[in-house]
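Read the sequence shown against the numbering used here and you will find it ends at 377, with the numbers running on by one and no gaps.
Every residue gets a Cβ at the ideal spot worked out from N, C-alpha and C, and that includes glycine.
Please read all numbers here as calculations on a predicted model, not as lab measurements.
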Amino acid sequence: MTTDKAASGYYGPKAYDSEHLPQQKRPAPGANPEQPWFNRKADRKLPWGHTEDVAPQSYRTDYSPATLRRFEKEPNNFANIDFHQRIDHERYRHATAALRTRILLFFNAFGNPVVIAFMMFPLALGFAGHLHIRPKSEPFGTTLLAFLPILATFLGPLIACNLIPTALFKLFPRQLIKPDKGPLWELNRRTGLVTVYHYDKKGTWGKTGQPEEETAPFYEFDAYTSNELIHGGGVVHTLYLAHRYRNILIPIGTLIGKTNPEECYALWDMFQNFMDTSRPLPDIPLWEEHRPNDPVTAEHDRRTNRPPRYWRDMDNDTWKQKNDEMALQVLRLNTPGRLDIMRNSWAYSPRTRRQRTASAE
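Here it is as structure tokens:
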């Protein structure tokens, strides 16, 4: 159990405190059969503790000060719809949109201006090469007209992927912007519990409409990075949490996608800092409005005279500098080389010796 602290009346008995870890059973190697054999052999287990104040790139760009200020000014037309996602001072509850919404967003990603610009580069090179070798008697307009079908073949579908979902979302928002059946998992700072939600049509959810919940303390999970080979010989990584003693896996890496290992390290540090009640909430724009509601964070901000709107009132140039500094900090992370503080909490359990039989003597 965690020991008492100044805000012990607020946090639950299972709340994670990196300075006071409860005694736990020493895990046996490969004890979790939920992990495939290859994963147990190839995936890298990340150590606990010694975290840095970092966040993955997507959490910095998606929740920039300018974005937060825009959210404050613009009314939310879907405020009355429960999308099941909750991010505040107590919990990080993850949920996805309905299948129809995800399909449209999937196609819309192919029409991203970055993807279109990427496709334009080789097409522009090809057009420039054709201009160089074309007969001098051929007018430029004729060359351009001959090239337009090629341009339309490559860029037309991408532009359609951008325009069609965007138009459908604007024309039929209530029908297409829908939540899924419920949350997938939750990390709760106040209780210290991790909850996974199951939606089995033949189980409780199918009979009552309520999902089955599987819970365990956060400190009983370990983080792993998995490796996946991609075309061209590259390797991408993703992060997941695996319970040390039960068959529970949480693919938290879906929050940032398949990326480089340092981004996975940053995500692991961010969630450890979020759940750690011995320290304030992660000081990034995402959690700024919730800082006064967490007692440890509020006391820290009072003691350090932190401005309540430090991020939200930050100008774009200063934010760019801060973002670049954290990006460099993330690239320098060497999480696998850290000492694992969780090992100090494992109770010593000596191996039992086999008794020699009388016949063997």
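_On the DSSP bridge list, what partners appear for H253?_
N243, T275
*Within its chain, find whatever has a CB closer than 8 Å to the CB of L349; leave out the 5 residues flanking it on each side and keep chain order.*
E68, V70, E278, Y281, A282, D285
*Distance, E304 Cα to F400 Cα*: Coverage of the chain is limited to positions 17 through 377, which leaves residue 400 absent and any answer about it impossible.
_Inside the region 193–228 only - beta strand (DSSP E) runs reaching at least 3 residues_ = 201–204, 209–214
_Restricting to Cα atoms, I'd like to know which of G222, G225, K61, E315 is closest to N243._
K61
*For L87, write down the residues that DSSP places opposite it in a beta bridge.*
At residue 87 the sequence reads Phe, which differs from the Leu that was named. DSSP, once it has assigned bridges, lists no residue as partnering F87.
*Using 8 Å as the threshold, is the region 25–39 in touch with the region 212–224, meaning 3 or more CB pairs across them?*
no
*asked:* Suppose contacts are defined by Cβ-Cβ distances below 8 Å. Is E202 in contact with R262 by that definition?
replied: no
_On the DSSP letters alone, give me the boundaries of the beta strand (DSSP E) that H110 sits inside._
Taken as a continuous stretch (DSSP letters only), the beta strand (DSSP E) holding H110 covers 107–110.
*Look at the alpha carbon of M342 and the alpha carbon of C177, and state the distance between them as a whole number of angstroms.*
33 Å
*So what does DSSP say about A343, is it helix, strand or coil?*
helix
*Would you identify the three-state DSSP class for S365, choosing helix, strand or coil?*
Bear in mind that the predicted position of S365 carries a pLDDT of just 47, short of 50, making it unreliable; the figure below should be weighed with that in mind. Residue state, collapsed to three classes: coil.
*Pull up the CB-CB distance for H316 and H105, whole angstroms please, since I reckon it's below 8 Å.*
The pair is not a contact, with the Cβ atoms about 13 Å apart (cut-off 8 Å).
*Y27 burial status per 10 Å Cβ neighbour count (16 or more: buried)*: buried
*asked:* Here's the rule: buried if 16 or more other CB atoms are within 10 angstroms of the residue's CB, otherwise exposed. What is I300?
replied: buried
*asked:* Give me the residue from A82, Q40, R76, S74 with the minimum Cα distance to D329.
replied: A82
*Pull up the DSSP beta-bridge partners for K40, would you.*
The sequence given here places Gln at residue 40; Lys does not occur at that position. BP columns for Q40 point to W362.
*How many Å lie between P38 and S361 at the Cα?*
6 Å
*Indicate whether T211 and E236 have their beta-carbon atoms separated by less than 8 Å.*
no
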